[in-house]
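S.K.: Counting in the numbering used here, the sequence shown runs from 24 upward without gaps. All residues carry an ideal CB built from backbone N, CA and C; glycine is no exception. Please read these numbers as outputs of a predicted model, since none were measured by experiment. Okay, here's the structure, questions in a sec.
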Amino acid sequence: MEQNFYDCIDCGTENCPCYLAATGDCLVCSRLAGKDYCDCNWKGVCIYNEFIQSGKKINNVREEFTAKVEENKRYGQDTVVLVLDVGRGFALKCAKPGSYVFLKRAEDEDFYNIPISVMKSDITGGKIHLAVKEMSAKSKRITEVQPHFEHIDAGTTDSAGKANENIAGSNKRENIGGEDSLCVRGVYRNGILGIKSLIGPRGKVDTDRKMMIVTKGVGFAPAAHMLEWIDGRARADIYTDTDKIEEELIAEYLPQRLNGKRENIDLRREFEFKGTERISALYRAGGYDTLVVFASDYYIEQIGKILKIDARSNNFRLCCGEGVCGACAFTDDFGRTFKMCKCSGIMPTESF
Ligand code: FES
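Next comes the structure, spelled out in structure tokens:
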């Protein structure tokens, strides 16, 4: 009997059992995948029992909802940070590292949905901050959305020279008439492959670790979010490649409580002139025991050739996030197929 090799990020969460249990394709439970025996390694509440006892109900389907765009701030040519008002409950769910959501405009078809990593989760204010790189049609559609209101300085007047009536104490806002909202679906959890090994299934930070975090471009966003969660409880140095991201954005979103240093690194230059030597030298000299890389597949592959990567950005093509569409499928050397929107247990470092 072949032991189940799959590890599902949603297993045991409020979103389990999911659609895959209903279609007979559960990634963890063999009985919910059409077999008549159990071979799972899962140590939590039995998914099969949960599903049957609840009358074959899918738990907490992630519904789309509308969230107000509170801020739209451009950094450089093509990066925009959107701040969405999602409410405290949703912001709390977004607090775990690796969280991402799907976004689209209300009037757009579903195929406009785009997965975006959470860069910051402000639980008290009920807001999430997302860094969006304008690449093509889908990303440009969402960065066009402007807030209905904009924060303004005290004493600002409107076009008629009249004091703005929205000014109230410190919460001074001006109606600038933007479209102001986006459709949000989430929260999804597998934005960082290997995250479970770093923070454990209950999100506990391993304080004995010393992490080296390497980011390139908007790979900084999930790194900032992870550092926010770590909150200085473990040593973590971050090496940022600022080739495709503005210094201003990094300065604003790098968490204050960083138990470590931040340095810049030019990955392209490193690999053009010295291969992976300097990265491995930095890793050894820093006495790190954990390596996390948020960069393109090319750099993940290059670094993965000489250093063991413990966690990495999930760069697979995420389309539904639910394990249904198969867009994110990855087949390993043994011919086993993984749906990477759900699977956090393997760490591909080769190009695919
Ligand atoms: S994104 Fe659809 S199956 Fe993974």
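1. Suppose the cutoff is 6 Å on Cβ atoms and the five residues either side in sequence are ignored; what does the same chain contact list for residue 144 look like?
2. Quick one: Cα of residue 315 to Cα of residue 287, how far?
3. What did DSSP end up calling residue 287 once you bin it into helix, strand or coil?
4. Please determine whether the Cβ atom of residue 350 lies at a distance below 7 Å from any heavy atom of the ligand FES.
5. Could you tell me the boundaries of the alpha helix (DSSP H) in which residue 218 lies?
6. For residue 334, which three-state DSSP category applies?
7. Give me the residue from 252, 243, 291, 259 with the minimum Cα distance to residue 274.
8. Under DSSP, the beta strand (DSSP E) around residue 95 begins and ends at which residues?
9. Just how far apart, CA to CA, sit residue 340 and residue 37?
10. Considering only the alpha carbon of each residue, which of 371, 203, 245, 259 lies closest to residue 108?
11. In this structure, does DSSP put residue 320 in helix, strand or coil?
12. Hey, residue 141 and residue 124: beta-carbon distance below 8 Å or not?
13. Of the choices 39, 29, 169, whose alpha-carbon is the least far from that of residue 53?
14. Are residue 261 and residue 238 closer than 8 Å when you measure CB to CB?
15. What is the DSSP secondary structure of residue 129, reduced to helix, strand or coil?
16. Counting pairs of beta carbons, one from the segment 207-217 and one from the segment 328-339, are three or more of them closer than 8 Å?
17. Rounded to whole angstroms, what is the Cα-Cα separation between residue 246 and residue 42?
18. Grab the span of the alpha helix (DSSP H) containing residue 60 for me, first residue to last.
19. In whole angstroms, what is the alpha-carbon distance linking residue 318 and residue 80?
20. At the level of alpha carbons, what is the spacing between residue 77 and residue 333?
21. Identify the residues that DSSP records as bridge partners of residue 234: which are they?
22. Skipping 5 residues on each side, what residues in its chain have a beta carbon closer than 7 Å to that of residue 184?
23. Would you mind reading off the limits of the alpha helix (DSSP H) that contains residue 112?
24. Count the other CB atoms within 10 Å of the CB of residue 40; is the residue buried (16 or more) or exposed (fewer)?
M.R.: For this structure:
1. Apart from sequence neighbours up to five positions away, the residues of its chain that approach residue 144 with a beta-carbon distance below 6 Å are 114, 117, 118, 151, ordered along the chain.
2. Approximately 15 Å between the Cα atoms of the pair.
3. In the structure shown, residue 287 sits in a strand (DSSP, three-state: E or B).
4. For the ligand FES, at least one heavy atom lies less than 7 Å from the Cβ of residue 350.
5. According to the DSSP assignment, residue 218 belongs to the alpha helix (DSSP H) that extends over 218-222.
6. Looking at residue 334 - three-state DSSP - the assignment turns out to be strand.
7. Comparing Cα positions, the closest option is 243.
8. Judged by DSSP secondary structure, residue 95 falls within the beta strand (DSSP E) whose first and last residues are 88-98.
9. Using only the alpha carbons, I get a separation of about 24 Å.
10. Minimum Cα-Cα distance from residue 108 among the listed residues 371, 203, 245, 259 corresponds to 203.
11. It is helical.
12. In contact: residue 141 and residue 124 (Cβ atoms closer than 8 Å).
13. Closest option to residue 53, Cα to Cα, is 29.
14. Contact: yes.
15. It is coil, neither helix nor strand.
16. Between the segment 207-217 and the segment 328-339 there are three or more inter-stretch CB-CB distances shorter than 8 Å, so the stretches are counted as touching.
17. Rounded to the nearest angstrom, the two C-alpha atoms are 30 Å apart.
18. Residue 60 -> no alpha helix (DSSP H), and no H or E assigned at all.
19. Approximately 38 Å between the Cα atoms of the pair.
20. Answer to the nearest angstrom: the Cα atoms are 37 Å apart.
21. 259, 313.
22. At residue 184 the pLDDT is 41, less than 50, meaning the model places this residue with poor confidence and gives no usable figure here.
23. Where residue 112 is concerned, the enclosing alpha helix (DSSP H) stretches over 111-116.
24. Under this definition residue 40 is a buried residue.
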